[in-house]
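Take the sequence shown: its letter number 339 is residue 337 in this note's numbering, and every next letter is one higher. Below is one structure, written out as structure tokens, with a few remarks after it.
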Amino acid sequence: MEQQSRTLRLSADRAEEIQTAGNLLKSGGLVAIPTETVYGLAANALDGRAVAAIFAAKGRPMDNPLIVHISQLDQWAALVSEIPPRAMELANRFWPGPLTIILPKSPLIPDEVSAGQATVAVRFPSHPVARAVIDAAGVPLAAPSANLSGSPSPTEAQHVLADLDGRIDAVLDGGPCRVGVESTVVTLAQEVPRLLRPGGITPEQLSQVLGRVEVDPAVMNPLAAGEKVLSPGMKYKHYSPKANVILVKGNLSAYLEYVNSRAEEGVFALCYDGEQEALRVPAVAYGAKQDAAGQARHLFDALRKLDQMGAKVVYARSPQPKGVGLAVYNRLIRAAGFEVVELG
Ligand code: TXA
Ligand code: MG
């Protein structure tokens, strides 16, 4: 049967539409919701069938586990086998906010959520609309980013519709996301805490609470063929626009010379604010050079824009992998499939 667009457009400005989203979720539906990081594609986390539908709608590999979202700290205990003191310290410091904590799971977690792992990832978002929807649904919500698997994560309701219109029950529009990249993921299911995905909470901030934190090698480097990973999401091609993205490392004048000497049809640049004028190819800026938070907020939208403009090859200015910039670098190097040019 031909699939008609049946995705409801809801507005977070109206309390009754937040309730509609909650009701859809309660009855096993799929609703894309705003969070402070990116839009999430939510379903009742305790309903294996509803969760399975998330994988189908996104085209997500079944072995990639989901994050469970809560709206009150006391909802956490039922989802995990226990909450060790260091986990509670992290939560007290950074929740609600863009941090996901992995612990051994409780029997309440359906296999569809944990995707074969003995652990579960939990996040308490700070976005008031995300929390209101969880309250309205009355259950914790499993939610990956609300994009088709592999494409850039959505930071606006429009991005969600571009990927998932007709494939999900509703999208709740709460405006653009403040952080713009997905949450920091840390696992406490092993002796030394390990950063699996960098995000809005930096490794330095985590260390202030946890002491030593290992950074998973997959954060910065490509995986060797057949290598085992702690975070299955790391092994898939990610965040990639249709264009071939190439990360260019070097100073501004080397970058300009490199890109300008390659100017031809289909060649585009992804640069910092104010650099477009000096480029002889069409360019999209993703933030100011010194403003990692601004880069994080705009990166995914910039990648989608480049596709809309018809880019075939994109030479991207490489961000500084420090603080929040580590998250920006991590996403961009995946968008580039680890293709890097080092100048000078
Ligand atoms: O900011 C965010 O975290 C957004 C919003 C919607 O909350 N969600 C999000 O979900 O980014 P997703 O599914 O796109 O990314 C979840 C990441 C994946 O890399 C996945 O492999 C990892 O977290 N993950 C989830 N559960 C895990 C587990 N039990 N063990 C290891 N990695 C896990
Ligand atoms: Mg994702």
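Beta carbons are placed, not taken as given, at the ideal position from N, Cα and C, and that holds for glycine.
According to DSSP, simplified to helix, strand and coil, what is residue i?
i, result
"Ala43", "coil"
"Ile132", "helix"
"Pro126", "helix"
"Lys24", "helix"
"Ile166", "coil"
"Met(-1)", "The predicted model places Met(-1) with a pLDDT of 45, which falls under 50 and marks its position as unreliable; any figure quoted below should be read in that light. Met(-1) falls in the coil class under three-state DSSP."
"Lys56", "helix"
"Val282", "strand"
"Pro94", "coil"
"Leu277", "coil"
"Arg12", "coil"
"Asp109", "helix"
"Lys303", "helix"
"Ala261", "coil"
"Val293", "With the sequence shown as reference, residue 293 is identified as Gln, and Val is not the correct amino acid for it. Note: Gln293 maps to helix in three-state DSSP."
"Pro83", "helix"
"Gln17", "helix"
"Gly321", "coil"
"Asp271", "coil"
"Val137", "coil"
How about residue i and residue j: are their beta carbons less than 8 Å apart?
i, j, result
"Ala140", "Ala41", "yes"
"Gly26", "Asp45", "yes"
"Arg192", "Leu162", "no"
"Arg91", "Val207", "yes"
"Leu106", "Ile99", "no"
"Val246", "Leu330", "no"
"Glu202", "Gly321", "yes"
"Gly285", "Tyr270", "yes"
"Val311", "Ile244", "yes"
"Arg332", "Tyr256", "no"
"Pro239", "Leu304", "yes"
"Ser104", "Ser79", "yes"
Between residue i and residue j, what straight-line distance do the alpha-carbon atoms span, to the nearest angstrom?
i, j, result
"Val211", "Leu221", "20 Å"
"Ala309", "Glu154", "21 Å"
"Leu170", "Ala216", "33 Å"
"Asn219", "Glu14", "46 Å"
"Gly335", "Pro142", "21 Å"
"Gly95", "Glu34", "8 Å"
"Ser9", "Val111", "28 Å"
"Trp93", "Cys175", "17 Å"
"Val120", "Pro230", "16 Å"
"Phe346", "Gly164", "Here the chain covers residues -1 to 342 and nothing more, so residue 346 does not appear."
"Pro102", "Pro82", "11 Å"
"Tyr253", "Pro319", "18 Å"
"Arg317", "Lys56", "Reading off the sequence shown, one finds Pro at residue 317, where the question assumed Arg. Their Cα atoms are separated by approximately 29 Å."
"Ala160", "Gly209", "42 Å"
"Gln115", "Met60", "12 Å"
"Ala30", "Pro126", "15 Å"
"Ile132", "Arg84", "26 Å"
"Glu0", "Ile166", "Unreliable positioning characterises Glu0 in this predicted model, as indicated by a pLDDT of 47, which lies under 50. A coordinate reading is not provided."
"Ser151", "Phe298", "6 Å"
"Ala294", "Gly323", "7 Å"
"Pro32", "Gly38", "6 Å"
"Ser149", "Phe53", "14 Å"
"Arg7", "Thr18", "11 Å"
"Thr185", "Ala281", "38 Å"
"Leu277", "Val158", "31 Å"
"Arg4", "Ala50", "19 Å"
"Ala168", "Asp109", "25 Å"
"Ile16", "Ala48", "19 Å"
"Phe122", "Tyr313", "36 Å"
"Tyr327", "Thr117", "27 Å"
"Ala187", "Val339", "37 Å"
"Ser205", "Asp214", "14 Å"
Check the DSSP bridge columns for residue i and list the partner residues they point to.
i, result
"Gly38", "Ile31 and Ser143"
"Gly338", "Checking the sequence shown, residue 338 turns out to be Val, not Gly. Paired residue(s): Leu245."
"Phe266", "Val312"
"Ala119", "Ile65 and Ile100"
"Leu77", "BP columns for Leu77 are empty, so no partner."
"Tyr6", "Correcting the residue identity first, residue 6 is Leu in this sequence and not Tyr. Beta-bridge pairing links Leu6 to Ala168."
Length at least 4, wholly inside the region 150 to 238: the alpha helix (DSSP H) runs in chain order: 155 to 162 and 201 to 208
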